[in-house]
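**Student:** Just so you know, we're using this note's numbering here: the sequence shown kicks off at 3 and counts up by one.
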Amino acid sequence: MKFYNDFGTWLRQQFPFRVQKLAVDAGFSCPNRDGRLSTGGCSYCDNRTFNPAYCDRRLTVSEQLEQGKRFFARKYPDMRYLAYFQAFTNTYDSLPKLQQLYDEALAVPGVVGLVIGTRPDCISDALLDYLEQLSRRTFLIVEYGVESANDNTLRRINRGHDFACSRDAIARTHSRGILTCAHIILGLPGEDAEESLRQAPLISALDIDILKIHQLQVIRGTRLADEYLRQPFHLYTVDEYIDLVVKYISLLRQDIVLERFVSQSPDNLLIAPRWGLKNHEFTDLLNRRFRSMMKPDSQHAQPSDQHSQQ
């Protein structure tokens, strides 16, 4: 039984074969990192936390993808791939340069589509024109880092744009018929569970097809780590976070595809929270909670009823 519209099931419906994302670091920067808006980037961000070993910006896009293919081919020789332009802001360059990089990825044998991670303030009508055409000849998802619907929080984490910017970029993208994903973080400084739940209907009202939800993690060497070590703020326990995610999902449109609920950073970089769970282990716990809520005598039955009425 499915308690939400999960990404794995949805992706299997898009293709007649097994598909795996391959991360690419194409050497981009961000406007809040290179000085155009500010420097230092988002206060929580260190791209080393999600770049796999085969993802090395010293290599070309093709070389990174070929290394990634070798990594997965040992287990799944018939696998096809989505090139995931993940690190930093992957629309932050001239249109000709972007076209060159995307076309290079699509020319790699076995690559059947693209996922492009970016910021809502780094999209233009000319780029959207190109992406609209691209989406007609290949599978394409554009993923926006929204992070929060609270402008005070966005300023505090040095995001460099407001929520209205996210809403506008997502609407413009989705209106072109492009699959559109949003990424949010639960537990940012100054945002408790009540604030996250206040924001859920705002996120649900966005023109998104897919949503990625992550818990806040404090990563060594970031400005957020300095802030946390000076004056620790609350970070969710596993049980607290599961409770929040269950309630958060109950406030979302049922047609939204939920791709992820947690992020798993390398142990040597992670300060807190140290849950010791792999992504699939957390998802198992979450689904177990949903199953328990379906029992009539469960103390968690009320949130489940809310979910069924959405």
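Note that the Cβ used here is the ideal one computed from N, Cα and C, for glycine as well.
Going by beta carbon distance, what residues of the same chain come within less than 6 Å of residue 262, once the five residues before and after it are set aside?
**Tutor:** Sequence index remark: in the sequence shown, residue 262 carries index 260 (1-based). Answer for residue 262: 214, listed in chain order.
**Student:** Note down, in chain order, each residue of its chain lying with its Cβ closer than 8 Å to the Cβ of residue 22, except the 5 sequence neighbours on either side.
**Tutor:** As a first step, residue 22 is located in the sequence shown; it is residue number 20 there, counting from the start. Closer than 8 Å at the Cβ level, and outside the excluded window around residue 22, lie 74, 78, 81, 82, 83 and 84.
**Student:** Out of curiosity, what's the CA-to-CA distance linking residue 250 and residue 279?
**Tutor:** Counting from one through the sequence shown, the residue named residue 250 turns up at place 248. Counting from one through the sequence shown, the residue named residue 279 turns up at place 277. A direct Cα-Cα distance of roughly 21 Å separates residue 250 from residue 279.
**Student:** According to DSSP, simplified to helix, strand and coil, what is residue 249?
**Tutor:** Residue mapping note: residue 249 aligns to position 247 of the sequence shown, counting from 1. Assignment of residue 249 by DSSP, reduced to helix, strand and coil, places it in the helix class.
**Student:** Under DSSP, the beta strand (DSSP E) around residue 205 begins and ends at which residues?
**Tutor:** If you number the sequence shown from 1, residue 205 lands on position 203. Where residue 205 is concerned, there is no enclosing beta strand (DSSP E), although the alpha helix (DSSP H) it sits in stretches over 195-206.
**Student:** If you check the beta carbons only, do residue 271 and residue 202 fall under 7 Å apart?
**Tutor:** In the sequence shown, residue 271 corresponds to position 269, counting from 1. In the sequence shown, residue 202 corresponds to position 200, counting from 1. No, the pair does not count as a contact, with Cβ atoms beyond the cut-off.
**Student:** What is the DSSP secondary structure of residue 76, counted as helix, strand or coil?
**Tutor:** Here residue 76 refers to the residue found at position 74 when the sequence shown is read from its first residue. Coil.
**Student:** Residue 122 and residue 94: beta carbons closer than 7 Å?
**Tutor:** The residue given as residue 122 occupies position 120 in the sequence shown. The residue given as residue 94 occupies position 92 in the sequence shown. Contact: no.
**Student:** Under the three-state reduction of DSSP, which class applies to residue 264: helix, strand or coil?
**Tutor:** For this step, residue 264 is matched to residue 262 along the sequence shown. Of the three classes helix, strand and coil, the one that applies to residue 264 here is coil, per DSSP.
**Student:** Let me know if residue 97 comes out buried or exposed under the rule of 16 or more other beta-carbons within 10 Å of its beta-carbon.
**Tutor:** Locating residue 97 in the sequence shown gives position 95, counting from the first residue. Exposed, because fewer than 16 other Cβ atoms sit within 10 Å of the Cβ of residue 97.
**Student:** Taking its Cβ as the centre, do 16 or more other Cβ atoms sit within 10 Å of residue 19, making it buried, or is it exposed?
**Tutor:** For the purposes of this step, residue 19 is taken as residue 17 along the sequence shown, with counting starting at 1. Exposed, by the Cβ-count rule.
**Student:** What does the alpha-carbon distance come out to for the pair residue 1 and residue 150?
**Tutor:** Outside the shown range of the chain (3 to 312) lies residue 1, about which nothing can therefore be said.
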